[in-house]
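Let me begin by presenting the structure, written as structure tokens, before commenting on it.
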Amino acid sequence: MTDDSTTKDAWLVSEKGLSRWAKVRRLVILILLVDLIIMVWFGRVITGNPLDGFYWPRPNMVLFPIPMDFGSWTPVFSPLNPLDAFIYTVFIYGGLWILWSFVAILYVIYPFIEPLRTRVEGLRKR
Numbered sequence: 170m171t172d173d174s175t176t177k178d179a180w181l182v183s184e185k186g187l188s189r190w191a192k193v194r195r196l197v198i199l200i201l202l203v204d205l206i207i208m209v210w211f212g213r214v215i216t217g218n219p220l221d222g223f224y225w226p227r228p229n230m231v232l233f234p235i236p237m238d239f240g241s242w243t244p245v246f247s248p249l250n251p252l253d254a255f256i257y258t259v260f261i262y263g264g265l266w267i268l269w270s271f272v273a274i275l276y277v278i279y280p281f282i283e284p285l286r287t288r289v290e291g292l293r294k295r
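In my numbering, each residue's number is its place in the sequence shown (first place is 1) plus 169.
Quick look at the structure:
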């Protein structure tokens, strides 16, 4: 059997602070959150709808995995590739990026909030 306290310490802040892997997980989440924010920033110029398709205002723009603008400033509408259209439809067009951003921020700061909550509960018991 495993001890529940050691499992809990691996995910939360222990007396020694965050474990190495907990820091790595949170760093990865922060990198993905920054990438999502950049995708939302690039997604503001996409036009169209799910029925007619989504279009870039200039050719050679990429939304996923790293948003980049390789194109010229020629004003020609070019369709999103299928992967970019899927990512845009699922995460950005419907507003799901707001929920994912909230969950990511909560995951990163939760270990630092939990000790504060237990301290407040300890003060209430006095």
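The C-beta atom is built at its ideal place from N, Cα and C for all residues, glycine as well.
Just so it is clear, the structure is predicted and the values come from calculations on it, not from any experiment.
- If you compare the alpha carbons of I215, Y224 and I206 with that of A273, the shortest gap goes to I206.
- Under the 8 Å Cβ criterion, the region 195-209 counts as touching the region 231-246, having at least three qualifying pairs.
- Taking C-beta separations shorter than 6 Å and ignoring five residues to either side along the sequence, K192 has no partners in its chain.
- According to the DSSP assignment, W225 belongs to the beta strand (DSSP E) that extends over G222 to W225.
- In the DSSP annotation of this structure, the continuous segment of the alpha helix (DSSP H) that includes G212 starts and ends at R189 to G212.
- Following the DSSP letters along the chain, one finds I215 in no alpha helix (DSSP H), marked with neither H nor E.
- Inside the region 217-276, DSSP marks whole alpha helix (DSSP H) runs of 4 or more residues at positions 251-256, from first to last along the chain.
- Contact annotation, Y224 with F260: C-beta distance approximately 18 Å; criterion of less than 8 Å not satisfied.
- Judged by beta-carbon spacing, P248 lies beyond the 9 Å limit of G212, meaning their Cβ atoms are not closer than that value.
- Sequence-distant Cβ neighbours of S270 in its own chain, meaning closer than 8 Å and more than five residues away, are L202, L205 and I206.
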